[in-house]
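For reference, the structure discussed in these notes is given below.
Numbering (the working numbering), first residue to last: 685 to 934.
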């Protein structure tokens with residue numbers, strides 16, 4: 685969640701795991717973000733929800749799609765960008781915007797775990813690694829392995845076989861990073877590749893995936909300080925744009 689003032693300045697933000705109960709998680713992140721700022725939820729002029737379960741948040745004033753919010757948040761952070769690469773836990777999205785931040789095209793993968801943060805979490809479990817350790821391990825690769833399957837189940841079988849063949853864990857992780865980069869690059873080509881690129885979502889913190897994408901695109905990816913908050917920022921900006929603040933400042 686992101687709280688901004690009437691001048692679009694970010695005042696507070698927080699992240700919680702969604703879990704199975706969306707409304708409980710939403711209430712938790714609302715309370716935590718307000719606590720940081722020393723305010724109560726009733727002090728907020730408006731609250732917009734986005735993402736999965738956005739229409740089930742009882743305290744939200746309104747809701748906006750992830751596509752709209754990621755575009756608005758990314759354009760606010762850097763108005764020069766033209767393509768947003770969002771890789772989250774449940775899906776991956778490529779969003780093309782124009783020079784005014786309007787969405788002109790997008791593609792989305794929300795039917796398969798391949799190319800998402802969930803894919804990496806499953807592979808980390810197979811490798812018996814914490815996800816943060818897995819990220820660091822993959823940067824030390826030496827041999828260029830290829831994970832050929834785009835299917836999560838078959839990719840996991842490949843990983844198990846590579847482990848049995850005594851392949852380096854670092855090389856296996858690098859192969860997984862390449863697999864995600866290949867999937868995402870294919871999605872980007874369907875929107876018409878246009879730089880500059882910004883990467884958002886939690887996977888943007890995975891240096892190995894970012895590097896492989898940069899290699900395949902031949903372009904640098906812009907990554908903000910907190911890439912997983914881009915959609916929430918866009919929701920906050922939408923709330924500011926569409927709501928009457930009255931006497932309230934946030």
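Here a beta-carbon is modelled for each residue, glycine too, at the ideal position from N, C-alpha and C.
Could you tell me the distance, in whole angstroms, from the CA atom of residue 708 to the CA atom of residue 737?
As a first step, residue 708 must be located in the chain shown, where it is residue number 24. As a first step, residue 737 must be located in the chain shown, where it is residue number 53. Approximately 11 Å between the Cα atoms of the pair.
Alpha carbon to alpha carbon, how far is residue 778 from residue 692? Give it in angstroms, no decimals.
As a working mapping, residue 692 is identified with position 8 in the chain shown. As a working mapping, residue 778 is identified with position 94 in the chain shown. Those two C-alpha atoms are separated by around 25 Å.
Residue 836 beta carbon less than 8 Å from that of residue 797
Within the chain shown, numbered from 1, the residue matching residue 797 stands at position 113. Within the chain shown, numbered from 1, the residue matching residue 836 stands at position 152. Their beta carbons are under 8 Å apart, which means residue 797 touches residue 836 by this criterion.
Would you grab the beta carbon distance between residue 944 and residue 752 for me? Rounded to a whole angstrom, and I think it's under 8 Å.
Lying outside 685 to 934, the shown extent of the chain, residue 944 is not represented and no answer is given.
Drop a sphere of 10 angstroms on the beta-carbon of residue 880, count the other beta-carbons inside from all chains shown, and report buried for 16 or more, exposed for fewer.
Residue 880 sits at position 196 when you count from the first residue of the chain shown. Per the 10 Å Cβ criterion, exposed.
State the DSSP-derived secondary structure class of residue 927, mapped to helix, strand or coil.
Position 243 of the chain shown, counted from the first residue, corresponds to residue 927. The answer is coil: DSSP assigns residue 927 none of H, G, I, E or B.
Cβ-Cβ distance between residue 780 and residue 789 below 8 Å
Taking the chain shown and counting its residues from 1, one reaches residue 780 at position 96. Taking the chain shown and counting its residues from 1, one reaches residue 789 at position 105. Yes, Cβ-Cβ distance for residue 780 and residue 789 is below 8 Å.
Which two residues bound the contiguous beta strand (DSSP E) that contains residue 814?
Position 130 of the chain shown, counted from the start, is the residue given in the question as residue 814. Premise fails: residue 814 is in no beta strand (DSSP E) and is neither H nor E.
Please classify residue 803: is it buried, with 16 or more other beta-carbons within 10 angstroms of its beta-carbon, or exposed?
The residue given as residue 803 occupies position 119 in the chain shown. It counts as buried.
Could you tell me whether the Cβ atoms of residue 687 and residue 912 are closer together than 8 Å?
Reading the chain shown from its first residue, position 3 is the one you call residue 687. Reading the chain shown from its first residue, position 228 is the one you call residue 912. Not closer than 8 Å, so no.
Where residue 777 falls: helix, strand or coil (DSSP):
Stepping through the chain shown from its first residue, residue 777 is reached at position 93. DSSP places residue 777 in strand when its eight states are reduced to three.
Under 6 Å Cβ to Cβ from residue 863, same chain only, skipping five residues before and after it: list those, please.
Position 179 of the chain shown, counted from the first residue, corresponds to residue 863. The residues are 831.
First and last residue of the uninterrupted alpha helix (DSSP H) at residue 765:
Counted from its first residue, the chain shown places residue 765 at position 81. Run containing residue 765: none; DSSP gives neither H nor E here.
Reference residue 784, options 771, 715, 760, closest by Cα:
In the chain shown, the residue the question calls residue 784 occupies position 100. Looking at the Cα atoms, 760 is the closest of the given residues.
Residue 757 versus residue 925 - alpha carbon distance:
On the chain shown, residue 757 is found 73 positions in, with the first residue counted as 1. On the chain shown, residue 925 is found 241 positions in, with the first residue counted as 1. About 13 Å.
Whole angstroms is fine: what's the gap from residue 854's alpha carbon to residue 826's?
Within the chain shown, the letter at position 170 stands for residue 854. Within the chain shown, the letter at position 142 stands for residue 826. So the two alpha carbons sit approximately 8 Å from each other.
Since residue 748 and residue 922 are thought to touch, with beta carbons under 8 Å apart, how far apart are those beta carbons, to the nearest angstrom?
The residue you call residue 748 lines up with position 64 of the chain shown. The residue you call residue 922 lines up with position 238 of the chain shown. Yes, they are in contact, since the Cβ atoms of residue 748 and residue 922 sit about 5 Å apart, within 8 Å.
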